[in-house]
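Q: Handing you this structure, nothing more for now.
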Amino acid sequence: MTDPDYVYMQRAISLAARAESEGDVPVGAVLCVGELAIERWNRKEATNDATAHAELLAIVEASRVLGRWRLHDATLYITKEPCVMCAGAIVAARVGRVVYAASDPKGGADGGTFEILRSPKTNHRPEVLSGIMEEEASAQLTAFFRSRREGNRSASG
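The opening position of the sequence shown corresponds to residue 492 in my numbering, with each subsequent residue numbered one higher.
Pasting the structure below:
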C-alpha cells in the first residue's frame with residue numbers, strides 16, 4: 492500500500508505496540524505537516540501524567556518544532572478515536588485533518604460518546620476520516636484489555 496493514510500496509520504499502530512510494551516493503552520499517533528512527521532504513543536503510565544495521550548503529545552511536539560500552535564495544515568493519524576481532552580486539543584490547535592482507526596463507543600469524542608470534532612458549536616471542525624485499518628487497531632486494543640482483565644482475575648483468585 493502506498494496510500495499515505497495507510498502508511499502513516501501502519502506506523503501509528505507500530506507506535507501503539509510501543510505504548511503497550513511500556514504498560515500503557517496501545518494508542519499511537521503520527522502528526523504530519525509537509526515532510527515533518529511527529530511520532531508519539533501513550534505515556535500515561537511511564538510519566539504518571541493523565542494528559543500524556545499520544546495525540547496530545549504529538550500536537551505539543553509539532554507546535555514546539557514548528558514554532559506555532561495553529562496546525563491547520565497538519566494531518567493527525569491516531570489508532571483510536573480521540574477522547575474529549577484530545578478532541579478539545581485538536582480543535583484548539585486547528586488541526587486540519589484527523590484520521591483514526593478504531594472507534595471508541597465508551598469515550599470517543601467523534602460520535603462514540605461525545606461529538607466534539609464535528610460539532611457545529613466549535614470554532615474549528617477538522618476534516619475527519621475514520622475506520623482506516625480499524626480491524627488491526629481494534630484487535631490490538633481488544634487484546635490489551637483482555638490481557639488486563641485476565642491478569643486481574645489471576646491476581647485476585
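Cβ atoms here follow ideal geometry from the backbone N, Cα and C, with glycine treated the same way.
Measure how close the beta-carbons of Val-590 and His-615 come, nearest whole angstrom, since I'm counting them as under 8 Å.
A: Contact flag wrong, Cβ pair sits at about 17 Å.
Q: Is the beta carbon of Leu-567 less than 9 Å from the beta carbon of Glu-546?
A: Contact: yes.
Q: Just the C-alpha distance for Ala-593 and Asp-564, rounded to the nearest angstrom, thanks.
A: Roughly 23 Å separates the two Cα atoms.
Q: Consult DSSP for Asp-515 and reduce its assignment to one of helix, strand or coil.
A: In the structure shown, Asp-515 sits in coil (DSSP, three-state: anything other than H, G, I, E or B).
Q: Whole angstroms is fine: what's the gap from Cys-523's alpha carbon to Lys-612's?
A: Cα to Cα, Cys-523 sits roughly 26 Å from Lys-612.
Q: Give every residue of the same chain whose Cβ lies closer than 8 Å to the Cβ of Met-576, excluding the five residues on either side of it in the sequence, and list them in chain order.
A: Here the set comprises Thr-542, His-544 and Leu-547.
Q: For Ala-541, name the three-state secondary structure that DSSP assigns.
A: It is coil, neither helix nor strand.
Q: Which whole-angstrom value describes the C-beta separation of Arg-502 and Val-518, a residue pair presumed to lie in contact below a C-beta threshold of 8 Å?
A: Not a contact, Cβ separation roughly 13 Å.
Q: Taking the beta carbon of Leu-527 as the centre, do at least 16 other beta carbons fall within 10 Å, making it buried, or is it exposed?
A: Flag for Leu-527 reads exposed.
Q: Compare the C-alpha of Thr-633 against each of Asp-601, Phe-605 and Val-516 and name the closest.
A: The option with the nearest alpha carbon to Thr-633 is Val-516.
Q: Is the distance from the Cβ of Gln-631 to the Cβ of Glu-511 below 9 Å?
A: Yes, Cβ-Cβ distance for Gln-631 and Glu-511 is below 9 Å.
Q: From the DSSP secondary-structure annotation, give me the bridge partner or partners of Val-590.
A: Note: Val-590 sits in a beta bridge opposite Tyr-568 and Leu-620.
Q: My output table needs one value for Ile-550: the three-state DSSP class, helix, strand or coil.
A: Ile-550: helix per DSSP, three-state reduction.
Q: From what residue to what residue does the alpha helix (DSSP H) around Ile-581 run?
A: That run of the alpha helix (DSSP H) goes 575–583.
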